[in-house]
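Protein chains: 2
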Amino acid sequence: MLATAFSPHDHTHCISTAISHAQSLCADRGARLTPVRQRVLELVWHSHQPIGAYELLARLANEGFNSAPPTVYRALEFLSEHGLLHKLDSINAYVGCCNPDTPHQGHFLLCKVCNQAQELDSQYITLALKLSAEQHGFEIQSHTIEIVGTCQGCLDKSKIVAPNL
Amino acid sequence: MLATAFSPHDHTHCISTAISHAQSLCADRGARLTPVRQRVLELVWHSHQPIGAYELLARLANEGFNSAPPTVYRALEFLSEHGLLHKLDSINAYVGCCNPDTPHQGHFLLCKVCNQAQELDSQYITLALKLSAEQHGFEIQSHTIEIVGTCQGCLDKSKIVAPNL
DNA sequence: GCATGTTATGTTATATTATAACAATCGTCA
DNA sequence: TGACGATTGTTATAATATAACATAACATGC
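Note that the protein sequences, when read in sequence, are chains Z and S. The opening residue of the first sequence carries number 68 in the working numbering; numbering runs sequentially from there. The opening residue of the second sequence carries number 68 in the working numbering; numbering runs sequentially from there.
Next up, the structure:
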């Protein structure tokens with residue numbers, strides 16, 4: 068999978084794709100992508116930086132939506148159940164899912180310089196988890212895989228700014 | 068590494084080893100394992116079930132220790148800095164580290180039946196993370212790897228109780 | 001249409017997890 | 001011993017998340 072988040076790209080395309088994808092997916096499943104749910108999804112997709120629940124809530128409030136915590140947590144729950152976003156436990160923030168059709172849990176790269184998250188679908192990691200679990204007779208149900216560090220773009224920039232370090 | 072948490076074992080040995088290990092480690096480093104810090108470490112090691120900060124706080128209070136949140140969070144911070152425990156982000160709970168000498172971040176198996184955690188040091192996972200990051204030019208600084216499921220012991224028990232399922 | 005059950009939202013309150021800020025005390029060592 | 005840094009005490013509050021119950025919207029069979 069390409070590291071879209073960390074590369075220059077037309078992000079409006081990410082948003083429109085995600086929303087239309089969500090609309091057709093919900094239509095297929097008979098699930099209701101109501102205005103507040105769709106708006107939360109759009110806000111989550113506003114960038115590749117994961118966003119917190121209360122930041123979402125503040126933005127909803129600015130737009131005249133109801134803005135008590137249950138509103139946003141319910142929307143996040145719905146979107147999560149339908150695989151449209153993921154929660155990043157290590158930072159208590161939410162990020163859109165690039166591939167909601169196939170149920171999965173992501174592996175994430177989180178750049179602590181630009182604060183962007185990239186979802187991976189690493190066969191290496193999937194296999195490694197499987198092997199490690201099997202060694203212990205452990206049956207996997209879900210997982211949290213979040214790798215924090217610096218993305219290539221931010222590494223390159225830091226070399227330009229401070230080439231001798 | 069053996070899956071100690073998930074196997075029958077003399078847990079008093081785990082506790083005493085962890086504490087004496089912590090004592091010598093702190094002595095070597097000139098760090099002060101004060102009474103409240105040591106007691107928090109003992110409470111964390113009370114079992115292989117990760118324990119929450121406020122549960123620790125309640126137990127400290129029962130024993131006459133000061134019991135405002137900063138007390139326990141400071142102790143947890145100290146113990147974490149010295150590699151004596153790990154936080155599990157997916158459940159906001161803390162668990163003792165089996166191997167505090169070598170700085171590392173663990174990979175964990177969390178059994179959702181018995182609520183116990185086992186730290187792994189899987190070379191498979193370490194390598195997989197490294198390869199995945201390299202593919203994206205990403206420089207790893209830390210990670211959160213938490214695998215939730217059912218341990219062998221609990222799987223075996225469920226087969227005995229409900230052999231036809 | 002409309003009664004009914006189900007799903008979604010509104011509303012209030014509260015639970016849970018964690019930190020800020022500043023004061024007081026303890027330990028160490030010149 | 002006195003001065004400094006580390007530790008702890010204390011109060012308040014921030015940040016994240018859910019419980020519980022009321023109301024509204026939607027869907028469906030009659």
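Here a beta-carbon is modelled for each residue, glycine too, at the ideal position from N, C-alpha and C.
Task: Cutoff 8 angstroms; reference residue 130 (chain Z); Cβ partners in own chain excluding five residues on either side - done: Start at 1 with the first residue of the first sequence, and residue 130 (chain Z) comes out as number 63. Hits under 8 angstroms: 106.
TODO: Using beta-carbon positions only, say whether residue 177 (chain S) and residue 155 (chain S) come within less than 8 angstroms of one another.
DONE: Here residue 177 (chain S) refers to the residue found at position 110 of the second sequence. Here residue 155 (chain S) refers to the residue found at position 88 of the second sequence. For residue 177 (chain S) and residue 155 (chain S), yes; Cβs fall inside 8 angstroms.
TODO: Determine the direct distance from the alpha carbon of residue 189 (chain Z) to that of residue 206 (chain Z), and round the result to whole angstroms.
DONE: Taking the first residue of the first sequence as 1, we reach residue 206 (chain Z) at position 139. Taking the first residue of the first sequence as 1, we reach residue 189 (chain Z) at position 122. Roughly 20 angstroms separates the two Cα atoms.
Open item on the list: Counting only Cβ-Cβ distances shorter than 8 angstroms, please list the residues of the stretch 71-93 of chain S near chain Z, keeping chain order.
Closed with: 73
Open item on the list: If the criterion is Cβ atoms closer than 8 angstroms, does the pair residue 210 (chain S) and residue 215 (chain Z) meet it?
Closed with: For the purposes of this step, residue 210 (chain S) is taken as the residue at position 143 of the second sequence. For the purposes of this step, residue 215 (chain Z) is taken as the residue at position 148 of the first sequence. It is a contact, given that the beta carbons lie within the stated cut-off.
Task: CA-to-CA distance, residue 81 (chain Z) to residue 101 (chain Z), given in whole angstroms - done: Residue numbering aside, residue 101 (chain Z) sits at position 34 when the first sequence is read from its first letter. Residue numbering aside, residue 81 (chain Z) sits at position 14 when the first sequence is read from its first letter. Roughly 20 angstroms separates the two Cα atoms.
- [ ] Under 8 angstroms Cβ to Cβ from residue 86 (chain S), same chain only, skipping five residues before and after it: list those, please.
- [x] In the second sequence, the residue the question calls residue 86 (chain S) occupies position 19. Counting only Cβ-Cβ distances below 8 angstroms, and skipping sequence neighbours, we find 105, 108, 109 and 112.
Task: Per DSSP, the bridge partner or partners of residue 211 (chain S) - done: Indexing the second sequence from 1 puts residue 211 (chain S) at position 144. Beta-bridge pairing links residue 211 (chain S) to Z:213.
Task: Beta-carbon proximity of residue 143 (chain Z) to residue 120 (chain Z), cut-off 8 angstroms - done: The count along the first sequence starts at 1 and reaches residue 143 (chain Z) at position 76. The count along the first sequence starts at 1 and reaches residue 120 (chain Z) at position 53. A contact, by the Cβ cut-off of 8 angstroms.
Task: Partners in chain Z for residue 176 (chain S), counting only beta-carbon separations shorter than 9 angstroms - done: Within the second sequence, numbered from 1, the residue matching residue 176 (chain S) stands at position 109. Within chain Z, the residues near residue 176 (chain S) are 199, 200, 203, 205 and 207.
Task: Three-state secondary structure (DSSP) of residue 202 (chain S) - done: Here residue 202 (chain S) refers to the residue found at position 135 of the second sequence. In the structure shown, residue 202 (chain S) adopts helical secondary structure according to DSSP, grouped into three states.
Task: Residue-level contact to chain Z via CB, residue 225 (chain S), 8 angstroms cutoff - done: By one-based count along the second sequence, residue 225 (chain S) stands at place 158. Not closer than 8 angstroms to any Cβ of chain Z, the Cβ of residue 225 (chain S) fails to qualify, so no.
Task: Neighbour list for residue 196 (chain Z) in chain S, Cβ cutoff strictly below 9 angstroms - done: The residue labelled residue 196 (chain Z) in the question sits at position 129 within the first sequence. Simply 174, 189, 191, 192, 195, 212 and 214.
TODO: Would you please verify whether the beta carbon of residue 228 (chain Z) is less than 8 angstroms from any beta carbon of chain S?
DONE: Your numbering for residue 228 (chain Z) matches position 161 in the first sequence. Not closer than 8 angstroms to any Cβ of chain S, the Cβ of residue 228 (chain Z) fails to qualify, so no.
- [ ] Pick helix, strand or coil for residue 150 (chain S), following the three-state DSSP scheme.
- [x] The residue labelled residue 150 (chain S) in the question sits at position 83 within the second sequence. If DSSP states are grouped into helix, strand and coil, residue 150 (chain S) belongs with coil.
Open item on the list: Just to make sure I have the definition right: I need the residues of chain Z whose C-beta is within less than 9 angstroms of the C-beta of residue 218 (chain S). Which are they?
Closed with: Numbered from its first residue, the second sequence carries residue 218 (chain S) at position 151. Ordered by position in chain Z, the residues that pass the 9 angstroms Cβ test against residue 218 (chain S) are 203, 204, 205 and 206.
- [ ] With DSSP as the reference, label residue 139 (chain Z) as helix, strand or coil.
- [x] Numbered from its first residue, the first sequence carries residue 139 (chain Z) at position 72. If DSSP states are grouped into helix, strand and coil, residue 139 (chain Z) belongs with the helices.
- [ ] Please check the pair residue 200 (chain S) and residue 117 (chain S), which I expect to be a contact at CB under 8 angstroms, by giving their CB distance rounded to whole angstroms.
- [x] Your numbering for residue 200 (chain S) matches position 133 in the second sequence. Your numbering for residue 117 (chain S) matches position 50 in the second sequence. About 27 angstroms; that fails the 8 angstroms criterion.
Task: Separation of residue 91 (chain Z) from residue 181 (chain Z), as counted between CA atoms - done: As a position in the first sequence, residue 181 (chain Z) is number 114, starting the count at 1. As a position in the first sequence, residue 91 (chain Z) is number 24, starting the count at 1. Rounded to whole angstroms, residue 181 (chain Z) to residue 91 (chain Z) spans 32 angstroms at the Cα level.
Task: Bridge partner(s) assigned by DSSP for residue 221 (chain S) - done: Here the question's residue 221 (chain S) lines up with position 154 in the second sequence. In the DSSP output, where bridge partners are listed per residue, residue 221 (chain S) has none listed.
Open item on the list: Give me the subset of the stretch 147-175 of chain S whose CB atoms are less than 8 angstroms from a CB atom of chain Z, sorted by chain position.
Closed with: Taking 8 angstroms as the cut-off between beta carbons, the residues of the stretch 147-175 of chain S near chain Z are 156, 157 and 174, in sequence order.
- [ ] Take the Cβ of residue 203 (chain S) as the centre, count every other Cβ of all protein chains shown within 10 Å, and call the residue buried at 16 or more, exposed below.
- [x] Sequence index remark: in the second sequence, residue 203 (chain S) carries index 136 (1-based). By the Cβ neighbour-count rule, residue 203 (chain S) is buried, with 16 or more other Cβ atoms within 10 Å of its own.
- [ ] Could you please tell me which residues of the stretch 98-120 of chain Z, in chain order, have their CB closer than 9 angstroms to any CB of chain S?
- [x] none
Task: Under the three-state DSSP convention, the category residue 132 (chain Z) falls into - done: By 1-based counting over the first sequence, the position of residue 132 (chain Z) is 65. Reduced to three states, the DSSP call for residue 132 (chain Z) is coil.
TODO: With DSSP collapsed to three states, give me the class of residue 118 (chain S).
DONE: Here the question's residue 118 (chain S) lines up with position 51 in the second sequence. Strand, per DSSP.
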